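Heads up, the thing below is written out as structure tokens.
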Amino acid sequence: MNDLVPNPIKVVDLFAGCGGFTQGFTSFRPDGHRSGAFRTVAAVEHDRAAASTYAANFGGNDGHGHHVQAGDIQEWRPGELGIHADVVLGGPPCQGFSTLGLEDANDPRNQLWREYVRVVNEVQPKIFVIENVEGFLRSPEFAALHAATEKPDGPLRQYELVEHAVLNSADYGAPQARRRAIVIGVHRDEHALKGLTYPARSHARTPSGSDGTAPWIGVGPSVFAKTLLPTESTQLPVRTCNPLGDHELPGYYTTPELHIGRQPTEHSLARYKAIPPGGNRHDLPDHLSTPKWIAHRTGSHDVMGRMYWDRPSVTIRTEFYKPEKGRYLHPFAWRPITHYEAALIQGFPDTFRWCGSKIDIGRQIGNAVPVQLAHALAGAIYAALRDGPVQLRF
6 MNDLVPNPIK VVDLFAGCGG FTQGFTSFRP DGHRSGAFRT VAAVEHDRAA ASTYAANFGG
66 NDGHGHHVQA GDIQEWRPGE LGIHADVVLG GPPCQGFSTL GLEDANDPRN QLWREYVRVV
126 NEVQPKIFVI ENVEGFLRSP EFAALHAATE KPDGPLRQYE LVEHAVLNSA DYGAPQARRR
186 AIVIGVHRDE HALKGLTYPA RSHARTPSGS DGTAPWIGVG PSVFAKTLLP TESTQLPVRT
246 CNPLGDHELP GYYTTPELHI GRQPTEHSLA RYKAIPPGGN RHDLPDHLST PKWIAHRTGS
306 HDVMGRMYWD RPSVTIRTEF YKPEKGRYLH PFAWRPITHY EAALIQGFPD TFRWCGSKID
366 IGRQIGNAVP VQLAHALAGA IYAALRDGPV QLRF
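In our numbering, the protein residues as written are 6 to 399.
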């Protein structure tokens, strides 16, 4: 077995958040190797707490994130810094064209994909990957992105898009049914990459038996079997960290230290107790419900819902600790899931280090690319870059 992968593949991570994409890529180990195949050379994240978490985990041996740009991407000039990479990753903020009823064609966050395009042009990677909500593929922004690769004078004319896809993280071993749009671009000069496509599924809701897939993983055996039913605290330990070298904030916290609860009111606790396994707001008696919930009996079945022990969770969002936001109650305990449990569902290891307040860290967890999905994409990209033409099953 070789310890080191020769010449690790260089990666730039844009809109990096706390590092879900990077965690998936840097944890990928090719067969016969103990070291990672990918190395990040730069990352950009405007949220300082998220950038601090990224730096704490991927900032290098000196303990400071010197290659982490904690600020606006508009101000980052990789060409002037001499930064080159084989792969550019990124998930431009998606709130402007999310599927949560908040679409706004004029949302300035929708224009941040143009900054992604600019960085791709400056870095000139062999491959770029965009991760976003499903709605991105129906947006004017995606149409413009596609045109940028097809028009003779388009800003991405040196690239062509692999047929885009919507991937479910549960199909790649995550205990979470999170569907994300993935767009991959390949440099037109890289003829060996023309066969690149999306990673083969390792899991399926109903395995056929002929394709080698395993059943989807439930949250019970993979997550809740290792966490305590009663949480021991409602607050994070008091300590500070400064991984960026210029700003102290709460942390570091390992992932198990995020197993903190809330202090529910008597009314909230009564609601939790009234909802059976697999139940939701429709199971509440009228005196524990709300006029809106009572009037809309046919609405969402996830609000105030309990997770199913033997199924993947719903999408982990930024306020997963509020069961009125979705199916975020523990399968049978009288409480919402904790930050620790949400981080495990998203694929973060126990050794991951977190920076920021409870709200900061919740936002980091909910906004992250599921690590398992990122890991699968890393495998497909490694195979294409190192093994030549590939046609992977999907």
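Quick reminder that beta carbons are idealized off the backbone N, C-alpha and C, glycines included. Just so you know, these numbers come straight off a predicted model, no measurement behind them.
Beta-carbon separation (whole angstroms), residue i vs residue j, contact threshold 8 Å
i      : j      : result
Pro204 : Ala381 : 4 Å
Ala170 : Val128 : Contact flag wrong, Cβ pair sits at about 24 Å.
Ile350 : Ile321 : 6 Å
His359 : Thr58  : A quick correction: the sequence has Trp, not His, at residue 359. That belief holds up - the Cβ atoms of Trp359 and Thr58 are roughly 5 Å apart, short of 8 Å.
Pro212 : Thr218 : 5 Å
Pro261 : Tyr345 : 6 Å
Ala186 : Leu142 : 5 Å
Thr92  : Ile386 : The sequence given here places Val at residue 92; Thr does not occur at that position. Yes, Val92 and Ile386 are in contact; Cβ-Cβ is about 6 Å, under 8 Å.
Ser259 : Thr356 : Going by the sequence as given, residue 259 is Thr instead of Ser. 7 Å between Cβ atoms; contact.
Beta carbon of residue i nearer than 8 Å to that of residue j
i      : j      : result
Pro98  : Trp221 : no
Asp18  : Thr27  : yes
Pro160 : Val134 : no
Phe63  : Ala383 : no
Gly361 : Pro375 : no
Asn137 : Gly96  : yes
Tyr177 : His208 : yes
Gln373 : Gly76  : The question names Gln, but residue 373 is Ala in the sequence shown. Against a cut-off of 8 Å, the Cβ pair of Gly76 and Ala373 comes out as no contact.
Pro248 : Ala47  : no
Thr154 : Glu139 : no
Glu146 : Ile78  : no
Span separating the alpha-carbon of residue i from that of residue j
i      : j      : result
Val167 : Val188 : 7 Å
Asn12  : Val49  : 23 Å
Leu107 : Lys327 : Reliability fails at Leu107, whose pLDDT of 47 lies under 50, so the model's placement of it is uncertain and no value is given.
Pro235 : Trp339 : 9 Å
Phe298 : Ser273 : Reading off the sequence, residue 298 comes out as Trp, not Phe. Their Cα atoms are separated by approximately 15 Å.
Pro354 : Ala21  : 17 Å
Phe102 : Arg332 : Residue placement at Phe102 is flagged as unreliable, the pLDDT there being 47, under the threshold of 50; a coordinate-derived value is accordingly withheld.
Ser32  : Gly41  : 6 Å
Met312 : Ser294 : 19 Å
Pro336 : Tyr277 : 11 Å
Leu397 : Val308 : Note that Leu397 has pLDDT 37, beneath the 50 cutoff, so the model's placement of it is unreliable and the number below is only indicative. Going from the Cα of Leu397 to the Cα of Val308 covers about 38 Å.
Ala388 : Ala148 : 29 Å
Glu324 : Glu253 : 24 Å
His292 : Arg183 : 33 Å
Leu334 : Pro157 : 52 Å
Arg206 : Val16  : 24 Å
Asn173 : His196 : 29 Å
Nearest residue (CA-CA) to residue i, options the options
i      : options                        : result
Gly250 : Phe141, Ala56, Phe353, Pro354  : Ala56
Ile370 : Tyr387, Thr343, Arg391         : Thr343
Ala347 : Phe337, Thr356, Ile366         : Ile366
Arg193 : Lys131, Ser238, Arg368         : Lys131
Ala300 : Asp77, Arg286, Leu390, Gly87   : Arg286
Gln163 : Val191, Pro180, Gly310, Ala179 : Val191
Gln240 : Gly283, Gly217, Thr218, Arg267 : Arg267
Gly310 : Pro281, Asn247, Pro83, Ser215  : Pro281
Gln74  : Gly84, Leu94, Arg53            : Arg53
Pro290 : Ala279, Asn247, Ala388         : Ala279
Ser144 : Trp118, Leu390, Val124         : Trp118
Val224 : Pro180, Ala197, Cys246, Lys231 : Pro180
Trp81  : His51, Val92, Leu94, Ala61     : His51
Gly284 : Pro255, Arg210, Ser305, His292 : Ser305
His264 : Gly84, Val16, Lys231, Arg206   : Lys231
Val228 : Phe30, Glu195, Trp314, Val243  : Trp314
Residues bridged to residue i (per DSSP)
i      : result
Phe43  : Ile14
Tyr258 : Trp359
Ile189 : Val134
Leu166 : Gly190
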